[in-house]
Amino acid sequence: MNEPRVPLIQLDGVRKRYNVGRPNETEVLHGLSLTLHAGEFAALIGPSGSGKSTLLNIIGLLETMSGGSYRLQGEEVGGLDDAGLTLKRREALGFVFQFHHLLPAFSALENVTLPALMREGRVSRERREHAREVLAAVGLANAMDKRPGELSGGMQQRVAIARALVMRPPVVLADEPTGNLDRASSDEVFALMRRMHAELGTSFLIVTHDPRLAERCDRTIELVDGRIERDDERDAERPS
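Be aware that the sequence shown starts at 1, since it is given in UniProt numbering, and climbs by one per residue.
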């Protein structure tokens, strides 16, 4: 008997407005509802201006909602203050962006230990050793002391993925993580995310314009004009 899936992200009637109360007030998300379960590997697609980045920013607690409900790991986050949002974001979410945002003066290892430094104020021996293990797992065992400028674009994204995973978040949000890579590097980075998902059971929500990558995800959510137009879930073997 299959165990019931655990909802990690639950959006109900979420709206987002900009320039509220002004003549140019605009609503970007129109009462959107969405649930992402533990162990999912989902793609978020849609044309430019459809609200994908806004939705990802709300899920990532980088922007606030104008209306609706958002429960993250069962906790309503709509009423949290800035400190509460920061704490929840650090505890529950990992991020991979189109631009890797690595610190150029830091080595790969130092970049991967940054989340521990930000959360705990220091990097313990155990955290540093775990960061080494994660870098080795993403194929960078021999590049830990290299700075970003000494790495290829694909290798830099591997560092960014290691940084997103190092604190073991239940969910990783990836915004066009292969957008700046050539096709071969894009395929390698995507394959790495799939492998990390399979090995760790981490949920992934990936914004992509690449239909090839979206088709290789277990679920495709299409956003059009701030509404979910399509939500297709394929049969896939999920981590136990």
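Using N, Cα and C, we set each Cβ at its ideal position, and we do this for glycine too.
Under the three-state DSSP convention, the category residue i falls into
i    : result
A171 : Strictly speaking, residue 171 in this sequence is Val, with Ala absent from that position. Reduced to three states, the DSSP call for V171 is strand.
A184 : helix
Q73  : coil
R219 : strand
R5   : coil
E233 : strand
E27  : strand
S33  : strand
V224 : strand
V20  : coil
P115 : helix
Beta-bridge partners of residue i, as assigned by DSSP
i    : result
V138 : Partner(s): none; V138 has no beta bridge.
G67  : R15
F41  : F204
I59  : None, per the DSSP bridge assignment.
Q157 : In DSSP, Q157 forms no bridge with anything.
CB of residue i within 8 Å of CB of residue j, strictly
i    : j    : result
A42  : I228 : no
E207 : E176 : Contrary to the premise, residue 207 reads as Val rather than Glu in this sequence. Yes, the Cβ-Cβ distance between V207 and E176 is below 8 Å.
I45  : A191 : no
S66  : V20  : yes
I161 : M118 : no
S50  : V172 : no
L109 : R132 : yes
S61  : L34  : Here residue 61 is Leu; the residue named in the question, Ser, does not match the sequence. The answer is no: Cβ separation not under 8 Å.
E40  : R219 : yes
A38  : V6   : yes
S203 : K146 : no
L205 : I58  : no
V96  : A198 : no
L140 : M155 : yes
Q98  : N180 : yes
P211 : A92  : no
Q: Evaluate contact between the stretch 26-35 and the stretch 5-16, counting only Cβ atoms and requiring at least three cross-stretch pairs below 8 Å.
A: Yes, they touch.
Q: Decide if the stretch 146-160 is in contact with the stretch 99-116; the criterion is three or more beta carbon pairs, one per stretch, under 8 Å apart.
A: With a cut-off of 8 Å, the stretch 99-116 and the stretch 146-160 count as touching, because enough Cβ pairs lie within range.
(Q) Using a Cβ distance threshold of 8 Å, determine whether the stretch 110-118 contacts the stretch 159-169, with at least three qualifying pairs required. (A) A contact between stretches requires three or more CB pairs, one per stretch, nearer than 8 Å, and the stretch 110-118 meets this requirement with the stretch 159-169.
Q: Go through the stretch 75-108 residue by residue and report every complete run of the beta strand (DSSP E) that reaches 3 residues or more, in order.
A: If you keep only unbroken beta strand (DSSP E) runs of at least 3 residues inside the stretch 75-108, you get 93-97.
Q: Give a yes or no on contact between the stretch 181-188 and the stretch 125-137, applying the rule of three or more CB pairs nearer than 8 Å.
A: The stretch 181-188, when compared against the stretch 125-137, does not touch it at the 8 Å Cβ threshold.
(Q) When you compare the stretch 6-13 with the stretch 67-75, are there three or more beta-carbon pairs, one atom per stretch, that lie closer than 8 Å? (A) By the criterion of at least three beta-carbon pairs nearer than 8 Å, the stretch 6-13 is in contact with the stretch 67-75.
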